[in-house]
Structure formats: C-alpha cells, structure tokens
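A.B. asks:
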Amino acid sequence: TVNSVYQDIYSGSGNFHSAFDLIGNCLSQLKQVADIEPTLDSLSQRLEEIFYQLEDIIFEVRNYRDEFEHDPYRLDEIEKRLDIIRDLKRKYGPTLWDIFSYLEEIKEEFDTLENSQENLDRLLKQEEEIYNQLLESCHILSKQRKETAKIFEEQLKKQLVELGMEKSNFMVNIDSIDNLSDSAEIRNRLTPNGYDIIEFMISTNPGEPVKPLSKIISGGEMSRIMLAFKTILAQVDNIPTLIFDEIDVGISGRIAHVVGEKMGNISRSRQVICVTHLPQIAAMADSHYKIEKLYIDKHTRTIAIKLDNRQRQEEIARMTGGKILSKANMEHASELIRMAQEYKSKLN
-14 TVNSVYQDIY
-4 SGSGNFHSAF
6 DLIGNCLSQL
16 KQVADIEPTL
26 DSLSQRLEEI
36 FYQLEDIIFE
46 VRNYRDEFEH
56 DPYRLDEIEK
66 RLDIIRDLKR
76 KYGPTLWDIF
86 SYLEEIKEEF
96 DTLENSQENL
106 DRLLKQEEEI
116 YNQLLESCHI
126 LSKQRKETAK
136 IFEEQLKKQL
146 VELGMEKSNF
156 MVNIDSIDNL
166 SDSAEIRNRL
176 TPNGYDIIEF
186 MISTNPGEPV
196 KPLSKIISGG
206 EMSRIMLAFK
216 TILAQVDNIP
226 TLIFDEIDVG
236 ISGRIAHVVG
246 EKMGNISRSR
256 QVICVTHLPQ
266 IAAMADSHYK
276 IEKLYIDKHT
286 RTIAIKLDNR
296 QRQEEIARMT
306 GGKILSKANM
316 EHASELIRMA
326 QEYKSKLN
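Mapping of the sequence shown onto the working numbering: residues -14 to 333, in sequence order.
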C-alpha cells in the first residue's frame, strides 16, 4: 500500500531503518571521507542528488497518502478501475499490453467502418479495373482458341483418316459471348479458363449430323478418337498414363499397324496401357501381359501373367492364327515384333 511505501522510505519499522535515514547516514560518512580524499567528491555529489530526489519522492508519496485519508471515495474508485482491468484481462489477455493491442485492433475496425463508403468506392473502382483487364484477356484467349480450333480440326481429321475413320467429320464448337448484351450474363461466363464454352462435335457415319463427342456410344470409336487426340497433344499435355480399351474394334490389317505405331509414338513421353486382341498392336509393346480367366473353387478369377520374350512370341502367334502354333505363325509373330522394334528405334 501507499502507507507501507511511505514507512519504508521515510519512517522505517521495528529494527529496520528507513531508506531516507540510511542514505542520509551514507551521505554524511561519504562527505567526511571526501574532505580527506577529494577524488570521492563526485560520488558524494551524486549521492547527495539521490538524497534530495528521495526527499521529493517522500513528499509526493505523503501527499498522495494524505489525499486518500481525506477522500475515502478515491480508494473505491481505484478498486473499481482495478476490477475493470481484471475483467479486461480475462477477456483479452493476461497483460495490459494485450488489452492495448486489442484496443488498437478495434480502433482500426472502427476507422474502417467509419470510412466504409470511401473504402467501398475504392474497392468498386479496383474491381471494375480488374474486370476490364480480365475481359480483355478473355477476348485475346477466345481469339487464339478460334484460330487454333481450325488447325486442330484439320489435324484431327487427318489422324482419323489414318485410323480408318475416313468418313468421320469433326469440328470444334466455340460458344463465345458475342451474342450476350447483359453484363450480368457476361460476368457469369467468366472463369479461370475464359468465357468460351467449348464442345467437340463429331459424326462417324456419312450423312449424319455432327453431335457432341460425349454422345458417342462405341467404345472402339471413342478409343480411336482419343488416340487421335493424344497423338496431336502428345507434346503439350502432362497426363502420365493413358489406358485404351477396345481400340481394335472394327479394324485390322494396315489400320491396326497404324494404331500400334501411334501408340508407340505416344509411349515415348508417357505410359500407355492397352487391352487388345490384335497382334499388330501387341507387337508394339515394351511389356506384354496375358490376361487369363480361371475358375477356382467355384469362383472366376482374372490374372495377369507377364510374358518373357519366348512366351510373347507364342502369344502373338496365337493372335495371328489361333491356338495351333505353326512355324508360319511363329515366323509371322517374330516379324511383327522385329518391325515394331525397328519402328520404335527410329523414333529415338
């Protein structure tokens, strides 16, 4: 309390001398020594300054104490303030610094709310500038897409001819915002990929209108179309593994060779997994697995067996001529494997 501070500084208690008395005694003794040893005179002066400063402190503490004695309500006010501070500490942190930090936070929030209209106007202006920049970027992207789409259409048609789908028709449908006038509709069309709606359209039979690629039912046709896609995009996409199933449906002979060669070309930059019954495609593989169905314990199980070079030749021979492994079939299989290896060596 203030009173105990006053006693410790000035009055002392029990066997303890006050700080004022102790410093006064030290000052008196130091002055006596300084009279004999002048080098201690500066220390004497410094201690004397401390003595007089302490005297001033005693005077102010006494006045503060006396004020409480004459104003008992003052103590109640301080206790109430201390209660408030304790409540604030419970809410915002254990120290006064935590309370002041929170005060600064809510001041900033208040300033933000007080200037909300100004901030809103500024943000709306920024939003409009960004929107115009985005719209311009989308215009440029859309123009580039339309130019590229024409080239892509021609390249894909060429690939489809090579894959035995020479009667197919393919086009890229790009729906832009040219016919939109409502700003809200235009804004709703904006995405990280631009505002175009793109759809691949195809007809696989002559006389039929083109329809969305997603409407194609034939798995074999879809696999060949995807092979054509991947042949064109092999150098730009990052898909690590491609899986083709039923790609050999409805093809044989020369087209089968073309399909195998295109897969070999794509496999230079990624893994290609293909389920096939055609020897021309199987011969192009780097690793050959035979899929067998077994009936074990009244259950059907499917297993994959990796074939060595001899087993692979035999399996390709079976693909060419049935279950009987004739000399001609084995030689044909060997020739297919040799031709595939020769083709792949040219790719490297």
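Where a beta carbon is used, it is the ideal one built from N, C-alpha and C, also for glycine. This structure is a prediction, so every number in the text was calculated from the model and none was measured.
Where does ALA289 fall in DSSP's three states?
C.D. replies: ALA289 falls in the strand class under three-state DSSP.
A.B. asks: Tell me whether MET207 sits in a helix, a strand or coil according to DSSP, three-state version.
C.D. replies: Looking at MET207 - three-state DSSP - the assignment turns out to be helix.
A.B. asks: Considering only DSSP beta bridges, list what GLU184 is partnered with.
C.D. replies: Note: GLU184 sits in a beta bridge opposite ASN158.
A.B. asks: Just to confirm before moving on: does the CB-CB distance between ALA289 and SER254 stay below 9 Å?
C.D. replies: No, the Cβ-Cβ distance between ALA289 and SER254 is not below 9 Å.
A.B. asks: Excluding five sequence neighbours on each side, which residues of the same chain lie with their C-beta closer than 8 Å to the C-beta of GLY204?
C.D. replies: Around GLY204: ASP230, GLU231, VAL234.
A.B. asks: Is DSSP giving VAL221 helix, strand or coil here?
C.D. replies: Correct three-state label for VAL221: coil.
A.B. asks: Look up CYS259 in the DSSP assignment and give the residues it is bridged to.
C.D. replies: Paired residues: PHE229.
A.B. asks: PRO197: which of ASN158, GLU206, ARG172 sits nearest, CA to CA?
C.D. replies: Ranking the options by Cα distance to PRO197, first place goes to ASN158.
A.B. asks: Going by alpha carbons, who is nearest to ARG297 out of GLU327, TYR280, GLN265, THR285?
C.D. replies: The candidate whose alpha carbon is nearest that of ARG297 is GLN265.
A.B. asks: Let me know if HIS262 comes out buried or exposed under the rule of 16 or more other beta-carbons within 10 Å of its beta-carbon.
C.D. replies: Per the 10 Å Cβ criterion, exposed.
A.B. asks: GLU90 lies in the alpha helix (DSSP H); which residues open and close that run?
C.D. replies: Note, GLU90: alpha helix (DSSP H), 81 to 99.
A.B. asks: Put ALA273 into one of helix, strand or coil per three-state DSSP.
C.D. replies: For clarity, residue 273 is His in the given sequence; the question names Ala instead. The answer is coil: DSSP assigns HIS273 none of H, G, I, E or B.
A.B. asks: State the DSSP-derived secondary structure class of ILE125, mapped to helix, strand or coil.
C.D. replies: The answer is helix: DSSP assigns ILE125 an H, G or I state.
A.B. asks: Skipping 5 residues on each side, what residues in its chain have a beta carbon closer than 7 Å to that of HIS242?
C.D. replies: Only GLN265 meet the Cβ criterion.
A.B. asks: Exposed or buried, which one is GLU246 when buried takes at least 16 other CB atoms within 10 Å?
C.D. replies: Buried is the call here.
A.B. asks: Taking the straight line between their C-alpha atoms, what separation do you get for ARG172 and MET150?
C.D. replies: Cα to Cα, ARG172 sits roughly 40 Å from MET150.
A.B. asks: Buried or exposed, going by whether 16 or more other CB atoms sit within 10 Å of the CB of ALA169?
C.D. replies: ALA169 comes out exposed.
A.B. asks: Between LYS76, ALA213, LEU108, which has its C-alpha nearest GLU138's C-alpha?
C.D. replies: Of the listed residues, the one whose Cα sits closest to GLU138 is ALA213.
A.B. asks: Just confirm the distance between the C-beta atoms of ILE187 and VAL195, as a whole number of angstroms; I'd bet it's less than 8 Å.
C.D. replies: ILE187 to VAL195, Cβ: 6 Å. Contact.
A.B. asks: Using the DSSP secondary-structure output, state which residues sit across from ILE281 in a beta bridge.
C.D. replies: Bridge partners of ILE281: HIS284.
A.B. asks: Cβ of ASN154 within 9 Å of Cβ of LYS143?
C.D. replies: Against a cut-off of 9 Å, the Cβ pair of LYS143 and ASN154 comes out as no contact.
A.B. asks: Please confirm whether LEU81 and ILE70 have their CB atoms less than 9 Å apart.
C.D. replies: Yes. Within cutoff.
A.B. asks: With a Cβ-Cβ cutoff of 9 Å, do GLU316 and HIS273 count as a contact?
C.D. replies: No; because the gap between Cβ atoms is not below 9 Å, this pair is not in contact.
A.B. asks: Under the three-state reduction of DSSP, which class applies to PRO197: helix, strand or coil?
C.D. replies: DSSP places PRO197 in strand when its eight states are reduced to three.
A.B. asks: Following the continuous alpha helix (DSSP H) through ASN173, name the residue where it begins and the one where it ends.
C.D. replies: Its alpha helix (DSSP H) spans residues 168 to 174.
A.B. asks: Quick check: the Cα distance between ASP282 and LYS275, rounded to an integer number of angstroms?
C.D. replies: About 22 Å.
A.B. asks: Residue range of the alpha helix (DSSP H) that HIS242 falls in?
C.D. replies: Where HIS242 is concerned, the enclosing alpha helix (DSSP H) stretches over 238 to 251.
A.B. asks: For CYS123 versus ASP163, is the C-beta distance shorter than 9 Å?
C.D. replies: In this structure, ASP163 does not lie closer than 9 Å to CYS123 by Cβ.
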